[in-house]
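Below: the structure, in structure tokens.
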Amino acid sequence: MNFKRWTTAVALAMSFTTGAFAEPARVMIPANPGGGWDGLGRQMFAAMNQAKVFTEGATFINKGGAAGTIGLAEFVRTTKGDDNAVMAMGVIMIGGAISNKMPVTTKDVTPLARLTNEYNAIAVPADSPIKTVADFMAALKRDPGALAVGGGSAGGVDHVMLALLARQSGVPADKINFVAFSGGEILAALGGGKIKAAISGTSEFRQFADTGRIRIIAVSGPARVEGVNAPTLKESGIPVEVGNWRGVVGAQGMSAAGKKMWLDRLNKMHASAEWKQTLKTQGWDDAYLEGDKFEAFLRAEEAAWSTALKDVGILK
4 MNFKRWTTAV ALAMSFTTGA FAEPARVMIP ANPGGGWDGL GRQMFAAMNQ
54 AKVFTEGATF INKGGAAGTI GLAEFVRTTK GDDNAVMAMG VIMIGGAISN
104 KMPVTTKDVT PLARLTNEYN AIAVPADSPI KTVADFMAAL KRDPGALAVG
154 GGSAGGVDHV MLALLARQSG VPADKINFVA FSGGEILAAL GGGKIKAAIS
204 GTSEFRQFAD TGRIRIIAVS GPARVEGVNA PTLKESGIPV EVGNWRGVVG
254 AQGMSAAGKK MWLDRLNKMH ASAEWKQTLK TQGWDDAYLE GDKFEAFLRA
304 EEAAWSTALK DVGILK
């Protein structure tokens, strides 16, 4: 595999140890810097380093677009059989691969572990006339084309959430104005008024809401998020609940020894105080599921999202 072409790679501090797999990990982040997958990939390796689980460091490449499927295709193409290559991923990639009818899917990688889950939030600019969920729903019903709502890639969990909200207002999915972003630039677009609202993981919005740059008007979970002054959609009378899980996979053709190596590392990381603190700091729920159980979960998710995308009118 030629990682020299990964020209935007950023290296963590590395330390040398001996052993069959004692070299830096090669990590694909299939999104632009600043988003949820970027945060997960970097925080995961930081926690493993702090917990002395894996201290050889990592080299990262950010390659965003098409719900992570551009990065997925590059990862599959360039890492076959590489025991030191892993990729951050999540539910958005599942929906993106289906809606974009991609020839490469998560069946072409080695499932390692689901790590986190978080619920989405709806955010608006600080000076927006949209103050509440009721205001948002009224604007969506009145003129869906005029309400530009940003989120992750088309067909992903953010897009589906907007389609579900539109359906509650009697608006067809093909009438909504969903603006897709592939990373953290959604925050600049929201703060700069280029979009009127945004849907993404609560942790991605939280620090900007805390500083007053944006306002969170609702969260999509079953209960309020600690430290976020916003109701759930269900509290507001809207029966929509949407979660956003994220995880990590290995290269296609990873050896049995390589898979065991990563599962051992991830199990130790998951049990560590450092990872527990990371979850708390980032506002992520612990959704750990590893190995064969994670693979079975992925297959079930693919079937569920095929149905969901058709039900909301995104997939014809």
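According to the working numbering, the sequence shown holds residues 4 to 319 in order.
We put the beta carbon where it would ideally sit given N, CA and C, even for glycine.
Taking just the CA atoms, how far does residue j sit from residue i?
i, j, result
"Ile97", "Arg29", "22 Å"
"Lys199", "Asp267", "45 Å"
"Lys319", "Lys313", "6 Å"
"Gly39", "Glu207", "7 Å"
"Gly159", "Met92", "12 Å"
"Gly204", "Ala70", "15 Å"
"Ala100", "Thr72", "6 Å"
"Lys110", "Ala226", "33 Å"
"Glu305", "Gln53", "34 Å"
"Met17", "Thr62", "Reliability of the predicted coordinates at Met17 is poor, the pLDDT of 34 falling under 50, and the value obtained from them is presented with this limitation in mind. Going by the C-alpha atoms only, they are around 10 Å apart."
"Phe57", "Met272", "9 Å"
"Phe181", "Met47", "31 Å"
"Arg302", "Val222", "27 Å"
"Val152", "Lys55", "42 Å"
"Glu121", "Thr81", "30 Å"
"Gly286", "Ala274", "17 Å"
"Asp289", "Gly250", "11 Å"
"Gly196", "Gly261", "47 Å"
"Thr214", "Gly194", "12 Å"
"Met1", "Glu244", "The chain is shown only over 4 to 319; residue 1 falls outside these bounds and no answer can be derived."
"Leu118", "Phe300", "13 Å"
"Lys134", "Asn65", "35 Å"
With DSSP as the reference, label residue i as helix, strand or coil.
i, result
"Ile32", "strand"
"Thr214", "coil"
"Ala3", "Only positions 4 to 319 of the chain appear in this structure, which leaves residue 3 out of reach."
"Val112", "coil"
"Arg227", "coil"
"Pro132", "coil"
"Val243", "coil"
"Asp146", "coil"
"Trp287", "coil"
"Leu266", "helix"
Indicate whether residue i and residue j have their beta-carbon atoms separated by less than 7 Å.
i, j, result
"Ser156", "Ala183", "yes"
"Phe269", "Ala49", "In the sequence under discussion, the amino acid at residue 269 is Leu, which differs from the Phe named in the question. Against a cut-off of 7 Å, the Cβ pair of Ala49 and Leu269 comes out as no contact."
"Asn123", "Asn35", "no"
"Pro27", "Gly74", "no"
"Ala126", "Ile241", "no"
"Ala176", "Ile317", "yes"
"Glu298", "Pro114", "yes"
"Met51", "Val252", "no"
"Val315", "Ala142", "no"
"Ala129", "Ile189", "no"
"Ser185", "Gly37", "no"
Query - Contact between the stretch 143–155 and the stretch 168–175 (3+ Cβ pairs under 8 Å) - result: yes
Query raised in the report: Which runs of the alpha helix (DSSP H), 4 residues or longer, sit entirely within the stretch 33–85?
Result: 39–53 and 72–81
Query raised in the report: Is the stretch 279–289 touching the stretch 96–116, taking contact as three or more C-beta pairs under 8 Å?
Result: no
Query raised in the report: Below 8 Å, can you find three or more Cβ-Cβ pairs linking the stretch 84–91 to the stretch 243–262?
Result: yes
Report task. With a floor of 3 residues, list each beta strand (DSSP E) that falls wholly inside the stretch 151–206, ordered by position along the chain. Result -> 151–154, 180–183 and 200–204
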